Amino acid sequence: MSADVPRLASKIRLLLMDVDGVLTDGKLYNVPGPDGKMAETKGFDSQDGIALQWMARLGIATGLISGRVSPATVERAHQCKFKYIYQGHTEKIPILNEILADAKLDPSEVAYIGDDFTDVVVMRRVGLSFATANARSEMKSIAHYVTATPGGQGAVREVVEVILKAQGKWDEILRHYEVITDPRPAGRDVSLGEA
Numbered sequence: 412m413s414a415d416v417p418r419l420a421s422k423i424r425l426l427l428m429d430v431d432g433v434l435t436d437g438k439l440y441n442v443p444g445p446d447g448k449m450a451e452t453k454g455f456d457s458q459d460g461i462a463l464q465w466m467a468r469l470g471i472a473t474g475l476i477s478g479r480v481s482p483a484t485v486e487r488a489h490q491c492k493f494k495y496i497y498q499g500h501t502e503k504i505p506i507l508n509e510i511l512a513d514a515k516l517d518p519s520e521v522a523y524i525g526d527d528f529t530d531v532v533v534m535r536r537v538g539l540s541f542a543t544a545n546a547r548s549e550m551k552s553i554a555h556y557v558t559a560t561p562g563g564q565g566a567v568r569e570v571v572e573v574i575l576k577a578q579g580k581w582d583e584i585l586r587h588y589e590v591i592t593d594p595r596p597a598g599r600d601v602s603l604g605e606a
């Protein structure tokens, strides 16, 4: 991890990401649906899911920009409380600009998680970039941080922990689940959700 990562992570107000290879392991499964037509399914990690819910409840928005269109992705995004859901966009800069305008954020307040070439343009423009362990080597060379875990196996959870620790919010999560039991500092009681 670069020495700058905690400083950069302390400013993050929005976490964006790709889907395939980040929220999933990148594998796509085609199975027959009830109508006999093939339907695409994906596997999502439950620890990633609960971590994304924490972000929403702690005031850090989340979003996805994916080149593929998938009903499974939309359903998972709603479960995980994503604010921004963009599918079918391999050209990601116009979408990034639209999100920045809507959120009224500077790029330095945005983090992005990617794994492949279509993510480079976004990773170069945001304040903090992450590459998953399964990312292309070219992606890893430009990222501020490379996760130890692959996409679809806890990489997003790892990124969320980095951000929440840098912002001093991680202990709130640990207290909520009674991992640590020292008295809570004065503040709000936040329901932290389920995967």
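For the sequence shown, our numbering begins at 412 and goes up steadily by one. All residues carry an ideal CB built from backbone N, CA and C; glycine is no exception. Quick caveat: nothing in here was measured; it's all calculated off a predicted structure.
- Straight across, the Cα-Cα distance linking aspartate 526 with arginine 547 is about 6 Å.
- In the DSSP assignment, isoleucine 524 falls within the beta strand (DSSP E) that extends over 521-525.
- With contacts defined as CB atoms closer than 8 Å, valine 567 and methionine 428 qualify as a contacting pair.
- Residue pairing for asparagine 441: DSSP places it in a beta bridge opposite Glu451.
- For leucine 585, the uninterrupted alpha helix (DSSP H) segment begins and ends at 581-587.
- Along the segment 533-593, the alpha helix (DSSP H) occurs as fully enclosed runs of 4 or more residues at 548-553, 566-577, 581-587, listed in sequence order.
- Distances from the CA of aspartate 456 to each of Pro445, Asp436, Arg468 were compared; the closest alpha carbon is that of Asp436.
- For leucine 419, the enclosing alpha helix (DSSP H) covers residues 416-420.
- In this chain, the beta strand (DSSP E) harbouring isoleucine 476 covers 472-476.
- Between the C-alpha atoms of threonine 501 and arginine 468 there is a straight-line separation of about 29 Å.
- Under DSSP, methionine 428 shares a beta bridge with Leu475, Ile524.
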